[in-house]
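Notes follow once the structure below has been shown.
Chains as they are written, first to last, in our numbering: chain E, 2 to 388; chain D, 2 to 299.
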């Protein structure tokens, strides 16, 4: 009888002990909130098809990162020696973003930009969103490094945001990355009202000259000269710019098809999975749910609005100096933010609303890819000044 | 001729630009980045070595951004004998991590380990570090009158300014004042970020403007026929160029029809794709029928 009593106590004690290890015992309201956010991301990705390649890994990563556990079991992403911590190393040390840029370079056709190089300036103008957000972040009391890391959300470039925040403000990286990717997914929602507000009927109907054909030599020279010129000016952008242009040379050289295929195929897919999952998992409620994160989300939205506004207004001003026939449709001004190719697609969709035969996609791809270069250059400048 | 002159001028501008960009200070990352950083000659009540003894010491600083192995190099206090003390090779201690330090004790007791030198400060007031070849000097210091327990060193790690340090800092940063980050310095001058916006946007614009200028002229540059330029066969150049062949109406009609079909999406939706590529399937024992459970054992 005594033995059976002891056995029941033994079982009860161990069940209680087991319970302390379960997520039910450790869960907090913060974890529940974050799990809901993760589920919303997954819903948006599947039901609305908003950037599914990014939102599915990030959304699921948020679920993974917010399963509450007993610390010390080498499970959490912030615990040294855990599997997730090893995978997170690539984010912390800024390894994944340049690899993604390699893939982007290998899949990007810069012909639109080469055929009409003045579109590059729109890509530069849209970077104003970054520095507008930087000024607001300083006013809100963020430290200079934090302000720089948050501001890069305005570049609308996830890998660049992760790269810069890992160097300037590693503590805020989760919030910055989630904010950047969320707003990139919401580009079709954020940009059109601003574009409509800032343009008039006549401007929206501007027809641009068809781009000229670009020779193979020009396509090969672009990544070489582009890399040399931009990195000589901003060497701190080398990891991103170097890889971007290297990937593009693999594509355009025509003799490294296998390498280009790997860079734009398997490699970028693997890195996207790892970066998405680990960035999502880094949003552990205990470290993520702070007032700073709320501020980062607000600043991210502001930077996107400023960037889009700056891009559209720049085209309008630029048009004053251009001859009739060479004018640029201001509806491609939004694509200066580097959310490739979503913002260019927005230009096309909004353009077709006003003229069913005016296809702006090819023209918008120019500032769009220039935006990628511009945001990498801007990241290099912030890194140079603030690190 | 005017076109040629313009192209040459443009090439000249580009070449000058590249040269200007190339001009400037370069930074290497190797043994030559090691620096004698701090020295304490009279050690009465200061840093104690691993034997609990006090002696003069020399701090070496690795100013590079990578690990540098000091093994095989030489420390000396005699200008006529650069290879007086050879730092042994292969010891993990000799690998100085980036922006880190290694202390050597000038106690004339080399049997106590690799950090103990075979000379002391009583012999001379000169210290030098030589490369592995024993001929190339990396760094040298002449010491003046030294105070007890006050070290003489670079005011900031690796800098060229020397002086008596407020605190002795063996194995640590020589500058013990408050360190202000470059970001904080920037914000102190530019609290609203206006300066940052102006500078950074100028740089972004310049970078992309430069690309614009180059690619606006690239086609012109590479299409220059150098052979033609060198041989100056003007006659060939002056020949009237043949008119481009006019495209026939049938071809234009075919192109227009194709574009119309494409835009209106009137083409057939093809389910299958014909290919001449060989279909290769990767063999895997997991999918092999040989190992299927349905197979009867032989």
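For glycine and all other residues, C-beta sits at the position ideal for the given N, C-alpha and C.
Fair warning: this is a prediction, and the values are worked out from it, not measured in the lab.
Is residue i near the ligand FMN, with its Cβ less than 8 Å from a heavy atom?
i	result
residue 167 of chain D	Among the components of this structure there are no ligands whatsoever, and the ligand FMN is therefore not found.
Who pairs with residue i in a beta bridge, going by DSSP?
i	result
residue 102 of chain D	D/62
residue 97 of chain E	Note: residue 97 of chain E sits in no beta bridge, so no partner.
residue 123 of chain E	Answer is none; residue 123 of chain E lacks a bridge partner.
residue 117 of chain D	D/106
residue 197 of chain E	Answer by DSSP bridge pairing: none, since residue 197 of chain E is not bridged.
residue 141 of chain D	D/129
residue 387 of chain E	According to DSSP, which records beta bridges pairwise, residue 387 of chain E is partnered with nothing at all.
residue 307 of chain D	Lying outside 2 to 299, the shown extent of chain D, residue 307 of chain D is not represented and no answer is given.
residue 57 of chain D	D/107
residue 149 of chain D	D/43
According to DSSP, is residue i helix, strand or coil?
i	result
residue 354 of chain E	helix
residue 164 of chain E	helix
residue 77 of chain D	strand
residue 146 of chain E	helix
residue 379 of chain E	helix
residue 25 of chain D	Any reading at residue 25 of chain D must be qualified, since the residue scores a pLDDT of 47, below 50, and its modelled position is unreliable; the value itself is stated next. Residue state, collapsed to three classes: coil.
residue 35 of chain D	strand
residue 208 of chain E	coil
residue 20 of chain E	helix
residue 96 of chain D	strand
residue 69 of chain D	strand
residue 6 of chain E	helix
residue 389 of chain E	This structure gives no information on residue 389 of chain E, because the portion of chain E shown stretches from 2 to 388.
residue 221 of chain D	helix
residue 135 of chain D	coil
residue 428 of chain E	Summary: the structure shown does not reach residue 428 of chain E, with chain E confined to residues 2 through 388, and so no result is reported for it.
residue 369 of chain E	helix
residue 49 of chain D	strand
residue 82 of chain E	coil
residue 20 of chain D	Because residue 20 of chain D sits at a pLDDT of 49, beneath the cut-off of 50, its placement in the model cannot be relied upon, and the point is left open.
residue 128 of chain E	coil
residue 28 of chain E	coil
residue 374 of chain E	helix
residue 73 of chain E	coil
residue 333 of chain E	helix
residue 134 of chain E	helix
residue 12 of chain E	helix
residue 58 of chain E	helix
Along the chain, where does the alpha helix (DSSP H) containing residue i start, and where does it finish?
i	result
residue 317 of chain E	292-322
residue 50 of chain E	Segment: none, residue 50 of chain E is in no alpha helix (DSSP H) and carries neither H nor E.
residue 202 of chain E	202-205
residue 249 of chain E	239-254
residue 219 of chain E	217-234
residue 185 of chain D	183-190
residue 182 of chain E	174-186
residue 112 of chain E	112-116
residue 259 of chain E	258-263
residue 359 of chain E	Looking at the DSSP string, residue 359 of chain E is not in any alpha helix (DSSP H), and its letter there is neither H nor E.
residue 159 of chain D	First-last for residue 159 of chain D: undefined, no H or E at that position.
residue 253 of chain D	250-264
residue 281 of chain E	269-282
residue 122 of chain D	Note, residue 122 of chain D: premise wrong, no alpha helix (DSSP H); not H, not E.
residue 170 of chain E	It is not in any alpha helix (DSSP H) - residue 170 of chain E carries neither H nor E in the DSSP assignment.
For the beta strand (DSSP E) containing residue i, name the first residue and the last one.
i	result
residue 164 of chain D	163-165
Using a Cβ-Cβ cutoff of 8 Å, what residues of the region 347-381 of chain E are near chain A? List them in chain order.
This model lacks chain A altogether; the protein chains it does include are E and D.
Between the region 176-202 of chain D and chain E, which residues of the former have a C-beta closer than 8 Å to a C-beta of the latter?
182, 183, 184, 185, 187, 188, 192, 193, 194, 195, 197, 198, 200, 201, 202
Three or more beta-carbon pairs under 8 Å between the region 197-206 of chain D and the region 365-385 of chain E, yes or no?
yes
Three or more beta-carbon pairs under 8 Å between the region 325-335 of chain E and the region 308-316 of chain E, yes or no?
yes
Taking any Cβ of chain D, which residues in the region 208-220 of chain E have a Cβ under 8 Å from it, in chain order?
216, 218, 219
Taking a Cβ distance cut-off of 7 Å, strictly less, list which residues of the region 295-328 of chain E are near chain D, in chain order.
none
Which residues, taken in chain order from the region 203-216 of chain D, show a beta carbon closer than 9 Å to some beta carbon of chain E?
204, 205, 206, 207, 208, 209, 210, 211, 212, 213, 214, 215, 216
Are three or more beta carbon pairs between the region 243-256 of chain E and the region 26-36 of chain E nearer than 8 Å?
no
Spell out a yes or no on whether the region 175-188 of chain E and the region 117-135 of chain E are touching, meaning 3 or more CB-CB pairs, one atom from each, closer than 8 Å.
no
Segment contact flag, the region 283-290 of chain E with the region 131-149 of chain E, C-beta cutoff 8 Å, min 3 pairs
no
Against chain D, which members of the region 111-130 of chain E pass a CB distance test of less than 7 Å?
115, 118, 119, 121, 122, 124, 125, 128, 129
Check distances from the C-beta atoms of the region 63-88 of chain D to those of chain E and list, in chain order, the residues that come in under 7 Å.
none
Report yes or no: do three or more beta-carbon pairs, one from the region 262-276 of chain E and one from the region 227-241 of chain E, lie closer than 8 Å?
no
Check whether the region 140-149 of chain D touches the region 34-42 of chain D, counting contact only when three or more Cβ pairs, one atom from each stretch, lie closer than 8 Å.
yes
Meets three-Cβ-pair contact criterion under 8 Å: the region 339-346 of chain E and the region 360-374 of chain E
yes
Can you confirm whether the region 346-362 of chain E touches the region 184-200 of chain E when touching is taken to mean that 3 or more C-beta pairs between the two stretches lie within less than 8 Å?
yes
Taking one C-beta from the region 58-72 of chain E and one from the region 29-48 of chain E each time, how about it: are there three or more such pairs within less than 8 Å?
yes
Pairing CB atoms from the region 90-105 of chain D with CB atoms from the region 167-179 of chain D, are three or more of them under 8 Å?
yes
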